[in-house]
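See below for the structure under consideration.
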Amino acid sequence: MTSAPTGPGAPTYDVVVIGAGIVGSAIARTLAGYRLSVALLDARDDVGEGTSKANTAILHTGFDAKPGSLESRLVHEGYHLLGDYAAATGIPVERVGAILVAWDTEQVGNLPGLQEKAVANGYPHTEIIGAREVYRQLPHIGPGALGGLTVPGESIICTWTTNFALATDAVRRGAALLLGRRCTGVTVAEEATVLHTSAGDVRTRWVVNAAGLGSDVIDQHFGFDRFHVTPRRGELMVFDKQARPLVEKIVLPVPSAVGKGVLISPTVYGNVMLGPTAEDLTDRTDTGTSEAGLEFLLEKGRRLMPQLLQEEVTATYAGLRAATEFSDYVVEVDAEQRYLLAGGIRSTGLSSGMALAEHVRGLLAETGALELTPRDDLPDPPRMPNIGEASLRPYQDAARIADDPAYGRIVCFCERVTAGEIRDTFAGTIPPTTLEGLRRRTRAQNGRCQGFYCGAEVAELFETRAAAVTAEGQAHR
Amino acid sequence: MSTDTNAADADAAEATRDLTPDVVVVGAGPAGLRAATELARTLSGEVLVLEREREAGGIPRHSDHLGYGIRDLGRFVTGPTYARMLRDKATDAGATILTEAMATDWAGPGELMVTSPEGRLRVAARAVVLASGARERPRAARQIPGDRAHGVLTTGTLQNVVHLKNGTVGKRAVVVGAELVSWSAVLTLRHAGCRTVLMTTTHSQAESYWLFQRPGRLAFKTPVATRTRVTRIIGRPRVQAVEIEDLDTGDRRTVECDTVILTGDWIPDNELARAAGVTLDPRTLGPLVDTALRTDLPGIFAAGNVLHPVDTADIAALDGAAVARHVRSYLDGARPTRDGVRLEVEAPLRWVAPGIVRPGDPAPPRRRLLLWTDEYVRAPRVVLEQGGRVVARRRVLWPAAPGRVFRVPSDLLDRIDARGGTVTVRLDS
């Protein structure tokens with residue numbers, strides 16, 4: 005892994021991006037495409053450990069954004085950029101489409117407005133359908149649906165692979181990955197800005213703040229008091245793969261005065277997801293689940309799709325979204341301090357991230373203070389290991405197993421993860437440092453048994469491999 | 003569906019090698035190994051056992067305490083010894099056991115796709131025995147909220163960690179459940195130097211764990227909190243406490259611990275059965291079978307704890323012996339009659355296995371009907387009703403107790419009309 009010295013004689017980067025989530029990784033990747041020295045810095049020991057790891061994993065068209073907003077434009081552009089990038093890198097995507105289902109007359113009445121809004125957001129492909137058509141396309145939803153709005157472009161995507169692909173690409177383009185460095189203070193001087201971190205100082209000319217849940221705190225280090233992040237907890241329930249035939253499309257709620265509903269969505273891993281809740285917290289690390297949250301989801305689920313509740317629950321988890329007092333993204337440059345804020349990026353950041361990176365590049369270029377010369381020696385985008393169900397997985401690949409029997413040794417039975425895939429993660433550009441990190445890279449232990457069979461086996465493989473990586477690292481020193 | 007999916011399906015059916023055994027057995031636990039042993043002894047063709055783990059033997063491999071082999075082998079041995087004995091018998095009888103071989107999909111009726119280090123295999127057998135067993139529901143399936151804490155394990159994971167990997171757990175454990183497997187967990191915890199500070203059970207009757215109650219309390223001094231449930235896990239990154247609720251008063255208190263073992267609450271590994279289109283019993287969630295252990299798909303049989311989650315290992319093995327007889331007669335051309343009646347249960351019974359009785363069919367394994375109860379009933383009267391009429395009634399001398407299978411002589415079924423309507427089984431005290 006790329007590590008950089010932090011003592012005297014340490015380099016001064018042209019740009020340090022704080023936050024190795026999807027947005028920060030996308031920005032670092034884009035900037036590393038120019039003749040710049042770039043570092044991607046994060047407080048955690050792995051990329052994508054914050055808001056990016058637990059969202060609803062939907063590649064949004066942006067049909068329901070606020071027309072004219074920055075979010076609307078960037079989600080719209082990012083949808084296409086990420087769609088193309090996913091095809092190039094092998095990020096799992098399934099173009100399943102969505103239907104907003106209306107359950108009362110008020111919601112039916114809201115559909116034409118939503119359709120107009122979609123057009124204003126550059127998405128003209130929605131269609132208002134009657135109850136009969138809703139049930140034809142979603143035969144397993146509960147009784148009482150009155151109509152719906154189709155959004156055929158809404159897709160499901162692997163949020164973990166998206167983050168790893170962007171960060172891997174950034175690193176392979178030469179960006180330094182500085183993990184385990186919590187930024188505790190900032191000193192801005194004429195020559196360079198010094199980021200004081202939990203693992204030493206980092207010098208840089210420019211700073212991009214993409215710190216998600218921590219972005220307001222970083223912003224304060226630069227002397228601002230522009231916005232405040234309220235961690236909004238979203239609890240999700242993941243149902244067994246056996247439930248997948250019930251849900252061919254994303255089932256979205258129609259926004260109404262009664263409040264926000266929950267969605268039911270297939271996942272690229274072949275499961276079905278129900279959620280999220282929305283609950284404002286004060287603790288920016290509280291990803292626990294609550295009794296009330298799970299009860300709320302079960303109650304919603306019973307009405308939306310009673311049959312789903314007959315299936316087993318594979319996982320429950322909670323993600324934190326970085327909600328702010330603003331309805332739009334806050335992306336602003338402070339040329340004097342050589343500082344750019346990309347704040348208030350909600351869950352749509354998954355879809356908009358790559359467009360946001362372009363936008364950031366544009367803002368930096370406009371300042372004239374940073375010379376952006378494209379590189380002509382860029383490596384090809386990385387080809388990511390496939391952990392989605394829609395394309396061939398290693399355990400199914402007769403030729404691959406014949407070449408390397410490790411792909412024939414299934415270690416995690418529920419998710420069909422092989423010893424070969426686990427081994428490969430440790431040889432990757434950004435190897436896992438924790439079992440959690442291994443899970444996000446391979447799906448190992450994410451399945452219905454949650455470790456009943458493979459828990460001990462996977463832990464042993466992880467520890468052996470991780471120890472080997474550490475020993476190798478020490479030998480190189 | 004995208005075109006990618008279709009490409010994946012087409013490729014998925016590609017195999018390195020085709021195998022054509024007479025019988026393929028999925029799962030090398032007690033049921034599968036015993037079935038393979040009996041079949042290999044009498045069939046001229048190959049009997050192939052597929053085991054996805056590194057070693058055959060199933061759950062007993064990591065239950066390192068005495069209590070195995072009583073009913074089937076007339077022995078009293080530890081789990082690992084028992085597993086080895088079953089494995090050796092199958093191999094000696096001529097069965098082929100393929101380990102690290104997981105049946106992942108069906109390529110056609112009775113045709114399995116298998117992933118193993120030896121390649122992607124297509125196995126087309128004349129008959130299939132599903133003996134994939136059962137697992138304990140993990141935390142998420144039990145919907146226990148709270149922190150995402152390390153140190154929350156099922157008995158299965160615990161025993162894997164301690165007995166197969168020589169790993170360590172914490173020092174203070176709360177064991178959720180107070181049934182047979184829960185005490186097995188307590189034994190394993192003790193072996194690993196971890197004290198069980200509390201066992202919790204939703205049941206009210208101390209008798210629900212009568213077998214272990216006295217020895218358990220004497221040997222381990224383990225307090226059992228009856229009529230309680232765990233409502234929250236507390237602690238990051240490792241468990242620091244659990245919150246438990248008194249089901250009668252609603253009062254909640256926290257119990258400090260660094261390990262939580264979730265025991266029992268079994269679910270059959272029904273994936274392959276369901277993927278084949280086998281009808282499941284909605285109550286056991288395992289394949290619905292008749293007394294000859296046939297599923298509703300010709301040539302597909304099931305045996306062991308995939309049918310009755312869960313009975314003891316020796317009972318599973320004896321299922322295996324029985325299914326071998328029925329598979330042989332199927333291979334000899336015998337076919338079941340289409341007639342048959344469905345067995346249903348009334349609360350507090352949760353399920354009955356097998357679930358179908360056909361006229362002229364053999365008795366179920368060991369001539370026992372297997373039942374599961376959610377309430378303790380001392381010396382119950384078992385009542386069978388058909389068409390609104392009581393057709394059989396029998397007082398038994400042993401209790402029906404939650405957490406373990408309640409076994410009833412199957413000659414009660416002699417009194418039903420196997421061409422009639424649904425039969426309901428209930429308990430009268």
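Protein chains in written order, with the working numbering: chain A, 5 to 481; chain B, 3 to 431.
Think of the CB as a built atom: it goes at the ideal place given N, C-alpha and C, for glycine as much as any other residue.
Name, please, each residue of chain A whose Cβ falls closer than 7 Å to the Cβ of residue i.
i, result
"residue 275/B", "Under the 7 Å cutoff, chain A gives no residues; its nearest Cβ is about 11 Å from residue 275/B."
"residue 166/B", "460"
Under 9 Å Cβ-Cβ, which residues of chain B neighbour residue i?
i, result
"residue 387/A", "Within 9 Å Cβ-Cβ: nothing; residue 387/A doesn't reach chain B, min ~15 Å."
"residue 194/A", "Within 9 Å Cβ-Cβ: nothing; residue 194/A doesn't reach chain B, min ~42 Å."
"residue 224/A", "Chain B residues near residue 224/A: none, gap ~26 Å exceeds 9 Å."
What does residue i reach in chain A if we use C-beta pairs closer than 8 Å?
i, result
"residue 163/B", "459, 460 and 463"
"residue 61/B", "Residues of chain A passing the Cβ test: none, with the nearest at roughly 10 Å."
Between residue i and chain A, is there a C-beta pair that is closer than 7 Å?
i, result
"residue 65/B", "no"
"residue 281/B", "no"
"residue 118/B", "yes"
"residue 242/B", "no"
"residue 298/B", "no"
"residue 422/B", "no"
"residue 266/B", "no"
"residue 17/B", "yes"
"residue 148/B", "yes"
"residue 516/B", "With chain B covering 3 to 431 only, the question about residue 516/B has no answer from this structure."
"residue 143/B", "yes"
"residue 10/B", "In this prediction, residue 10/B scores a pLDDT of 42, lower than 50, which makes its location untrustworthy; no coordinate-derived value is stated."
"residue 391/B", "no"
Here's the rule I'm using: 16 or more other beta-carbon atoms within 10 Å means buried, otherwise exposed. How should residue i be labelled?
i, result
"residue 111/B", "exposed"
"residue 239/A", "buried"
"residue 219/A", "buried"
"residue 297/B", "buried"
"residue 137/B", "buried"
"residue 106/B", "buried"
"residue 161/B", "buried"
"residue 168/B", "exposed"
"residue 381/A", "exposed"
"residue 224/A", "exposed"
"residue 352/A", "buried"
"residue 123/A", "exposed"
"residue 303/B", "buried"
"residue 399/B", "exposed"
"residue 119/A", "buried"
"residue 60/A", "buried"
"residue 168/A", "buried"
"residue 24/A", "buried"
"residue 210/B", "In this prediction, residue 210/B has a pLDDT of 48, which is less than 50 and means its spatial position is unreliable; what the coordinates show is noted afterwards. So residue 210/B ends up on the buried side."
"residue 314/A", "exposed"
So, does the CB of residue i fall closer than 7 Å to a CB anywhere in chain B?
i, result
"residue 412/A", "yes"
"residue 317/A", "yes"
"residue 454/A", "yes"
"residue 399/A", "yes"
"residue 336/A", "no"
"residue 56/A", "no"
"residue 3/A", "Chain A is shown from 5 up to 481; residue 3/A falls before or after that span and cannot be answered."
Using a Cβ cut-off of 9 Å, pull out every chain A residue sitting near residue i, in sequence order please.
i, result
"residue 158/B", "453, 455, 456, 457 and 459"
"residue 169/B", "460, 463 and 464"
"residue 140/B", "318, 319, 452, 453, 454, 455 and 456"
"residue 121/B", "402, 405, 406, 409 and 412"
Just the chain B side, please: which residues come within less than 7 Å of residue i by C-beta, in chain order?
i, result
"residue 417/A", "54 and 104"
"residue 327/A", "Neighbours of residue 327/A on chain B: none; closest Cβ ~21 Å, over 7 Å."
Could you name the residues of the stretch 78-109 of chain B whose beta carbon sits closer than 7 Å to any beta carbon of chain A, in the order they occur along the chain? Correct list: 102, 104 and 106.
With a floor of 3 residues, list each beta strand (DSSP E) that falls wholly inside the stretch 231-279 of chain A, ordered by position along the chain. 234-243, 254-257, 267-270 and 276-279
For the stretch 169-249 of chain B, which segments carrying the alpha helix (DSSP H) assignment without a break, of at least 4 residues, lie completely within its bounds, in sequence order? 182-193 and 212-222
Of all the beta strand (DSSP E) runs that stay within the bounds of the stretch 337-377 of chain A, which reach a length of 3 or more residues? 343-347
Length at least 3, wholly inside the stretch 402-441 of chain A: the beta strand (DSSP E) runs in chain order: With a minimum length of 3 residues, the continuous beta strand (DSSP E) runs that stay inside the stretch 402-441 of chain A are 414-416.
At a Cβ cut of 9 Å, what residues of the stretch 188-209 of chain B count as close to chain A, listed as they run along the chain? none
Extract the residue ranges of the beta strand (DSSP E) inside the stretch 178-211 of chain A, only unbroken runs of 3 or more that lie entirely within it. 180-182, 187-192 and 197-201
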